[in-house]
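K.L.:
Sending over a structure as structure tokens; questions will come in a sec.
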Amino acid sequence: MSDALGAPPPIQPSLRRYDLDWIRVIAFMVLILYHVGMFYVPWDFHVKSPHPIEALEPIMMLTNPWRMTLLFLVSGCATRFMADRFAAKSKNQWALAGSRTLRLLPPLLFGMFVIVPPQSYYEISEALRGFGVADPAGSPVLHDFWMRYATASGHWCDATGCLVTPTYNHLWFVLYLLIYSLVLSLILSMPGERSAPQRSAEYAFAGWGL
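Counting the sequence shown from 1 gives a position; the numbering used here is that position plus 15.
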């Protein structure tokens with residue numbers, strides 16, 4: 016009896032999907048290399064190298080059909096798992112919206128106001144060099160850059176359009192994921208055992224529909 020009382024509790028199996036973790040890691044590695052490659056291919060990008068590498072084009076094009084789709088698939092699975100955990104704990108579906116907002120909005124804002132501004136600064140500097148400005152950093156166009164960036168008062172325009180700030184650049188994925196999470200919370204909060212939008216989505220993505 017003492018042996019039974021002293022026996023350790025059974026180990027609960029981990030619910031973490033390590034396969035999805037590794038898929039996410041690989042997808043982000045591909046994404047980082049892809050954005051580095053954008054500097055060297057002739058396609059439109061924020062800044063371009065004067066030394067293009069044509070051999071990169073077919074390699075990068077091979078990733079276009081599945082690169083972002085894979086990321087959205089993994090992120091969608093994580094969001095659905097979170098929604099199921101909230102449902103199992105009898106939490107309101109708006110708890111999902113709050114949780115995803117707390118997870119996604121702070122890094123999005125941090126990126127927009129800390130990470131992206133140097134990218135926009137460099138983009139404008141390169142554009143000024145293209146217009147023949149020898150010292151872009153000393154140009155009045157870039158004076159008080161961060162404040163003008165944050166207050167959308169830069170008026171950085173050329174013949175092709177204007178750079179509207181503050182912007183998110185490559186962080187658009189985080190913004191879209193936040194929006195999709197809020198939409199999912201809205202669908203799951205609809206009355207009934209399963210709302211019509213939820214049934215339609217489950218039917219559309221069942222089997223090969225995924």
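Built from N, CA and C at the ideal position, the CB exists for glycine as well.
1. Less than 7 Å between the C-beta atoms of V89 and L30, yes or no?
2. Comparing C-alpha positions only, which one of T175, G91 and Y33 sits nearest to H61?
3. If you count every other CB in all the chains shown that lies within 10 Å of the CB of A112, and 16 or more means buried, which is it?
4. Output the distance between the C-alpha atoms of C177 and I202, rounded to the nearest integer angstrom.
5. Measure from the alpha carbon of Y49 to the alpha carbon of each residue in S200, T78, P206 and L190, then state which is nearest.
6. What does DSSP give as the partner residue(s) for L178 in the beta ladder?
7. Can you tell me whether A149 is helix, strand or coil according to DSSP?
8. From A70 to P80, what does the alpha carbon distance come to, in whole angstroms?
9. Would S168 and P151 be called neighbours here (beta carbons separated by less than 7 Å)?
10. With DSSP as the reference, label V58 as helix, strand or coil.
11. Would you mind sorting G126 into buried or exposed? The rule is 16 or more other CB atoms within 10 Å of its CB.
12. Within 10 Å of its beta-carbon, does T180 have 16 or more other beta-carbons around it, so buried, or fewer, so exposed?
13. Could you say if the region 99 to 106 and the region 130 to 139 meet the contact criterion of at least three C-beta pairs nearer than 8 Å?
14. Quick check on I194: does DSSP put it in helix, strand or coil?
15. How many angstroms separate the CA atom of E72 from the CA atom of L199?
16. Please give me, in chain order, every unbroken run of the alpha helix (DSSP H) with length at least 4 that falls completely inside the region 91 to 159.
17. With DSSP as the reference, label I68 as helix, strand or coil.
P.N.:
Straight from the coordinates:
1. no
2. T175
3. buried
4. 37 Å
5. T78
6. W171
7. coil
8. 19 Å
9. no
10. Correcting the residue type first, residue 58 is Trp in the shown sequence and not Val. Coil, per DSSP.
11. buried
12. buried
13. no
14. helix
15. 36 Å
16. 109 to 125 and 131 to 145
17. coil
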